[in-house]
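Here is the structure we will look at.
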Amino acid sequence: MELWAQDLVNGILAGGILALVAVGFSLVWGIMNIINLAHGAFVMLGAYVTYELFTALHLDPFLSLPISFIALFVLGYAIQRWLINWVVRAPILTTFLLTFGLSLLIVNIAQIIWTGDRRGVETWYAGANFSLGAVTVPWVKLLTLIAALAITGILQLWLTRSKTGRAIRATSMDIGAAQLAGVRVSQIYAIVFGLGAGLAGVAGTLIALSSSISPTMGDPFLISAFAVCVLGGLGSVQGALIGGLTYGIIQQTVAARLEVTIGTQQISGSGLEDAIAFIVLLLVLIVRPTGILGRATA
Amino acid sequence: MIARALRGLGLGGITGNPVAIAVVLVLMALLLAVPATHNDYLTLVFRQILMYAAMAYGWNLIGGYTGYVSFGNVTFFGLGAYCSGVLSTHGVDNLFADIALAVVVNAAFAVLMGIPVLRLRGPYFGIATLGIGVAVAEIVANFDALGGSSGLAVHQVDEAHFSIYYYAMWLVALVSILGTFVIARSKLGYAFVAIRENEDAAAALGISATRYKITAWALGAMMAGAAGAIFAPANGFIDPSITFATDSNVFPIVMTILGGIGTVAGPFIGALLLAGVNELLQRYFVNAHTLFFGSMIVLVVLLLPRGLVWLFGLRGGVRGWLRSVAAYRA
């Protein structure tokens, strides 16, 4: 029983960060129909912004959250404005390929600047944790989860209440109608892409708090972001949150206690976290072809 | 009608530009001479190019012609390689048996997986295929009978006969090119394109979309599987990280888009260029080769959004090109 509770807590803690990575990816995909393969690279850059600020200025990672958001927002805005907007109306594969190229570029530049070594951000509170009955909760991960929830909450409020947020949602519903109502689509696209990159940067900062960082650290997050936003349904903030938590909990609880016997061989679930999460994802898709909170049409 | 619409875009009908196809066939004929005239290193480089070409053609059938973007085609390559590996551990050491088994296993696996997965559309299909890829790779890595994560040694022919692997790969690539040509011009090809352009309309016309989608997916799986079946003995060793590599998943997609998606010549041209350039860069600019590679992809996408094959059919010179580039702006 205690083990179940511990796994559940671990799943929720891991799921919060997955949700934060996925929400930016999902917005860009849902609103502009761009599968941004550079999203993982943006997560990595966010982590390095935090690392540099921490080692050079001893700035606490939680205080570097806004800086890493702004830095990545500017980068994302520029990339959309001056590169992706050139081909944004092309079939989805064109932008897919473009962001693949960008991802290679960014990761390689990071490798030249920081080398491939794994580095860490070691805060004084890194190892601290507290107990809740039999369940151990690391402070860093709890604060990370709270930050992730707060950020997705602010984002949702901004999307539904602010003028720009409404323009963004209008653009995703009907480009033509939005343009007629005076929305500058190229501007909105740049803001959305910047927002996606900024959220990835913030996620990178939070990830750097509890794990080591390297230029290729973004790849697994890209793949899980894919899964999370499909699980929750594209382009929705709540969807990414629910998808992320579901994905995290499935990974932690199912993988920890699965034993399969094929022929004479026992296969334990501990090496199969991703496989299990994806099989669950497949089953969800077969029952609900557009995700848990998906709209009726893809 | 579809053919006319495609020609109107300067794409030259359902098979793509005929000049480009002729160029590809001439290049293929020249490639036949590589093992006899070049050293082992270059033969290896060209064998890799042919391997990627076969995989790209496999992806092109489902992703290009049918419009269902798969992110899991590396699974078929890996399964093909493991077919050879399993035969080799059981003492069977015959390249034809390897290829035959790989083709059959892959066709069966593709049909089995295609029945549930091809009900999904667009990105949901893509993510499901990615999931299949990840799941199969992890299961293989945890399965001791297949060598687990430490892999399997696969029996090779002796050095004097080593070029057999090159010729076999060449043949698989050629069959993939000609196969794509024949399929595209047949009723199948038109059904695929109809599904890509508007699946509901195609279904209303009496095209059984699911059946054709599964056919496209399985035919592509056979091509990738055959390439994998040759790769395993040629490499002498397989493990999950080699056979289910992310590069082998992404490269064929990038190659097809670069060359020209949904054309007969495109995947080969993309494979030749991308694998060739990648090899050169890796040799001469080890530290920054990805940098060049990435920049090249970015430039090609911005300047040639319809792929290289489209250059063969370009009308109106520089102005026609500029107009075409500007067509996709926000």
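Residue numbers (our numbering), protein chains in the order written: chain A, 1 to 298; chain B, 1 to 330. Beta carbons: idealized from backbone N, C-alpha and C, even for Gly.
8 angstroms CB neighbourhood of residue i in its chain, flanking five on each side removed
i	result
A:G11	L245, G248, I249, I250, Q251, Q252, T253
A:L282	none
A:R64	The question names Arg, but residue 64 of chain A is Ser in the sequence shown. Same-chain partners within the cutoff: V49, T50, L53, F54, T205.
A:R119	Y51, S212, I213, S214
A:T160	R166, R169
A:A296	Annotation note: pLDDT 46 at A:A296 (below 50); position unreliable, coordinate value reported separately. Contacts found: T290.
A:T152	A19, L20, V23, V237, A240, L241
B:L302	V325
C-beta atoms of residue i and residue j nearer than 8 angstroms
i	j	result
B:I164	B:G72	no
B:G16	B:G236	no
A:G101	B:G294	yes
A:G235	A:G30	yes
B:A218	B:V105	no
B:V250	B:I297	no
A:A90	B:P305	yes
B:A184	B:V92	no
A:F278	B:V134	yes
B:A141	B:S149	yes
A:L142	A:L13	yes
Residues near residue i in its chain [Cβ-Cβ closer than 6 angstroms; skip 5 each side]
i	result
B:L50	M169, W170, A173
B:T332	This structure does not reach residue 332 of chain B, given that chain B is present from 1 up to 330, and the question cannot be answered.
B:A137	P240, F244
B:T338	Residue 338 of chain B is absent from the model: chain B starts at 1 and stops at 330.
A:A298	Unreliable positioning characterises A:A298 in this predicted model, as indicated by a pLDDT of 38, which lies under 50. The coordinate reading is nonetheless provided below. Answer for A:A298: T290, listed in chain order.
B:G63	V69, S70
B:G262	G64, Y65
B:I99	A226, A229
A:A134	E2
A:L222	H39, G40
Proximal residues of chain A, C-beta to C-beta of residue i below 8 angstroms
i	result
B:A288	N108, I112
B:V298	L83, L98, G101, L102, L105
B:V254	L97, F100
Neighbouring residues, chain A, relative to residue i (Cβ below 7 angstroms)
i	result
B:G260	Per Cβ cutoff of 7 angstroms: no residues; B:G260 is ~12 angstroms from chain A at best.
B:F293	L104
B:V193	What B:V193 touches in chain A: nothing, since even the nearest Cβ is about 14 angstroms away.
Beta-carbon neighbours of residue i, restricted to chain B and to distances below 7 angstroms
i	result
A:V254	Within 7 angstroms Cβ-Cβ: nothing; A:V254 doesn't reach chain B, min ~13 angstroms.
A:F42	Ordered by position in chain B, no residue passes the 7 angstroms Cβ test against A:F42, which lies about 15 angstroms from the chain.
A:I242	The premise fails here: A:I242 is roughly 16 angstroms from chain B at the closest Cβ pair, so nothing lies under 7 angstroms.
A:A275	V134, A135, E138, I139
A:I286	P116
A:L282	A128, G131
Neighbour list for residue i in chain B, Cβ cutoff strictly below 8 angstroms
i	result
A:P289	R119, L120, R121, Y124
A:A208	Near A:A208 there are no residues of chain B at all, since even the closest Cβ is about 23 angstroms away, more than 8 angstroms.
A:F226	I127, L130
A:D117	Within 8 angstroms Cβ-Cβ: nothing; A:D117 doesn't reach chain B, min ~15 angstroms.
A:I279	G131, A135
A:L234	P123
7 angstroms CB neighbourhood of residue i in its chain, flanking five on each side removed
i	result
A:A22	A225, V228, C229, A240, G243, G244
A:Q111	P215
B:L130	F71, G72
B:G317	none
A:L27	V192, L195, G196, G235
A:L18	S224, V228, G244, Y247, G248
A:S68	G46, V49, T50, G201, V202, G204, T205
A:G116	S214, P215
A:Y189	M32, Q80, N85, V88
A:T171	I31, A178, V183, V185, I188
B:C83	D98, L101, A102, V105, A229
Contact list for residue i against chain A, beta-carbon separation under 9 angstroms
i	result
B:G151	Result: empty, since nearest Cβ-Cβ is about 15 angstroms, beyond 9 angstroms.
B:G257	Sequence inspection shows Ile at residue 257 of chain B; the Gly mentioned does not correspond to that position. Going along chain A in sequence order, the residues near B:I257 (Cβ under 9 angstroms) are L93, T94, F96, L97.
Chain-ordered neighbours of residue i on chain B, where CB pairs are closer than 9 angstroms
i	result
A:R21	Note on identity: in this sequence residue 21 of chain A is Val, with Arg being the wrong assignment. Those do not exist, as A:V21 stays about 15 angstroms from chain B at its closest Cβ, beyond 9 angstroms.
A:L27	What A:L27 touches in chain B: nothing, since even the nearest Cβ is about 14 angstroms away.
* Closer than 7 angstroms, Cβ to any Cβ of chain A: which residues of the segment 89-120 of chain B, in chain order? -> Cβ contacts with chain A: P116, R119, L120.
* Go through the segment 201-279 of chain B residue by residue and report every complete run of the alpha helix (DSSP H) that reaches 4 residues or more, in order. => 209-235, 240-243, 246-259, all fully within the segment 201-279 of chain B.
* Compile a chain-ordered list of the residues in the segment 170-197 of chain A whose CB is closer than 7 angstroms to at least one CB of chain B. => Here the close residues are V185, S186, Y189.
* Asked: Which runs of the alpha helix (DSSP H), 4 residues or longer, sit entirely within the segment 50-116 of chain A?
  -> Complete alpha helix (DSSP H) runs here, min 4: 65-82, 92-114.
* Please go through the segment 59-125 of chain B and give each complete alpha helix (DSSP H) segment of 4 or more residues, from N-terminal end onward. => Counting only runs of 4 or more, we get 74-89, 95-117.
* To do: May I ask you to list, following chain order, the residues of the segment 87-99 of chain A that have a beta carbon less than 7 angstroms from some beta carbon of chain B?
  => Residues of the segment 87-99 of chain A with a C-beta less than 7 angstroms from any C-beta of chain B: V87, V88, R89, A90, L93, T94, L97, L98, listed in chain order.
* To do: Give the residues from the segment 119-153 of chain A that approach chain B closer than 9 angstroms (Cβ to any Cβ), ordered along the chain.
  => Listed in sequence order: no entries.
* Along the segment 29-61 of chain A, what residues have a CB closer than 8 angstroms to any CB found in chain B? -> Within the segment 29-61 of chain A, the qualifying residues are W29, I35.
* Mind pulling the alpha helix (DSSP H) runs of 4 or more residues that sit fully within the segment 155-222 of chain A? -> For the segment 155-222 of chain A, whole alpha helix (DSSP H) runs of length 4 or above, ordered along the chain, are 163-173, 175-180, 185-210.
* Asked: Taking the runs of the beta strand (DSSP E) that are 3 residues or longer, which of them lie wholly in the segment 157-195 of chain B?
  -> None, since the segment 157-195 of chain B contains no complete beta strand (DSSP E) of that length.
* Residues from the segment 298-314 of chain B in contact with chain A, defined by Cβ distance under 7 angstroms -> For the segment 298-314 of chain B, the set of positions with a beta-carbon nearer than 7 angstroms to some beta-carbon of chain A reads V298, V301, L302, P305 in chain order.
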